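Engineer: Residue numbers (this note's numbering), protein chains in the order written: chain A, 75 to 185; chain B, -6 to 103. Don't be surprised by glycine CBs; every beta carbon is placed ideally from N, CA and C. None of the values given here were measured: they were computed from a predicted structure.
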């Protein structure tokens, strides 16, 4: 089954404690991206990748890091999380000119 | 400046009451306009891609149309199960990663 898998689904952490949200896709897609979704602000791009070892900033990259060492994986790293990073996060993958497939979401709370 | 704007923000309909959602856009060289449906707490689910003005796509009670400045998502005789947030998205800049509008939250009452 074609899918994008994010882990964990839910996470509560404390300010400053480094965390990683994993994302994996099994469709051999070149493009992968991370979004955050906040009430009233919609889905906003954090980072995206057009291929292995190629990453670019989206609209709200501050406080986040990503890496793309393999085609299937695109982890999101928060080196020092802060409460304003409390949000619902989505990973997506796609072919060029194709529709994006989204993961189930990760609800992160930073206290 | 590239942008995508959706209206209305929220829409309440009675079952069977047809309506349209709007997505207006400004982009240099459209490389596709996408419509997605999102249920609460879940990832967006792909509905349609439109590439050129005049193009139309249909799926069950939904029909998407495209002009040079906007796209419409027409909902014919909606049912309560059509309640969701509908998102419009366009790739900007040099990538094919879509930028999303803020969405229209649709509630269909039985």
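Helix, strand or coil for residue 74 of chain B? Go by DSSP, reduced to three states.
Structural biologist: Here residue 74 of chain B sits in helix by DSSP.
Engineer: Given 8 Å as the limit, is there contact between the segment 89 to 108 of chain A and the segment -3 to 4 of chain B, that is, 3 or more CB pairs closer than that?
Structural biologist: The segment 89 to 108 of chain A, when compared against the segment -3 to 4 of chain B, does not touch it at the 8 Å Cβ threshold.
Engineer: Could you say if the segment 160 to 175 of chain A and the segment 57 to 65 of chain B meet the contact criterion of at least three C-beta pairs nearer than 8 Å?
Structural biologist: Contact fails: fewer than three Cβ-Cβ distances are below 8 Å.
Engineer: Below 7 Å between beta carbons is the criterion; list the residues of the segment 83 to 97 of chain B that meet it against any residue of chain A, in chain order.
Structural biologist: The residues in question are 88, 89, 90, 91, 92, 93, 94, 95 and 96.
Engineer: Output, in chain order, the set of chain A residues within a Cβ distance shorter than 7 Å of residue 25 of chain B.
Structural biologist: Correct list: 171.
Engineer: Quick one: list the residues of chain A neighbouring residue 19 of chain B, beta-carbon separation under 8 Å, in chain order.
Structural biologist: Within 8 Å Cβ-Cβ: nothing; residue 19 of chain B doesn't reach chain A, min ~16 Å.
Engineer: On the criterion of 16 or more Cβ atoms from any shown chain inside 10 Å, does residue 5 of chain B qualify as buried, or is it exposed?
Structural biologist: Label assigned to residue 5 of chain B: exposed.
Engineer: Kindly indicate which three-state DSSP category residue 157 of chain A falls into: helix, strand or coil?
Structural biologist: Residue 157 of chain A: helix per DSSP, three-state reduction.
Engineer: Leaving out five residues on either side along the sequence, give the residues of the same chain with a beta carbon under 6 Å from the beta carbon of residue 78 of chain B.
Structural biologist: The answer, listed in chain order, is 31, 96 and 98.
Engineer: Please determine if the segment 15 to 27 of chain B and the segment 98 to 114 of chain A are in contact, where contact requires at least 3 C-beta pairs separated by less than 8 Å.
Structural biologist: The segment 15 to 27 of chain B is not in contact with the segment 98 to 114 of chain A.
Engineer: Counting only Cβ-Cβ distances shorter than 9 Å, please list the residues of the segment 25 to 48 of chain B near chain A, keeping chain order.
Structural biologist: If the cut-off is 9 Å between Cβ atoms, the segment 25 to 48 of chain B has 25, 27, 29, 31, 34, 35, 36, 37, 38, 39, 40, 41, 42 and 44 near chain A.
Engineer: Among all the DSSP beta bridges, which residues are the ones paired with residue 164 of chain A?
Structural biologist: DSSP, once it has assigned bridges, lists A:109 as partnering residue 164 of chain A.
Engineer: Pull up the CB-CB distance for residue 130 of chain A and residue 122 of chain A, whole angstroms please, since I reckon it's below 8 Å.
Structural biologist: Rounded, the Cβ-Cβ distance is 6 Å, consistent with contact.
Engineer: Using DSSP's beta-bridge definition, name the partner residues of residue -3 of chain B.
Structural biologist: B:18, per the DSSP bridge assignment.
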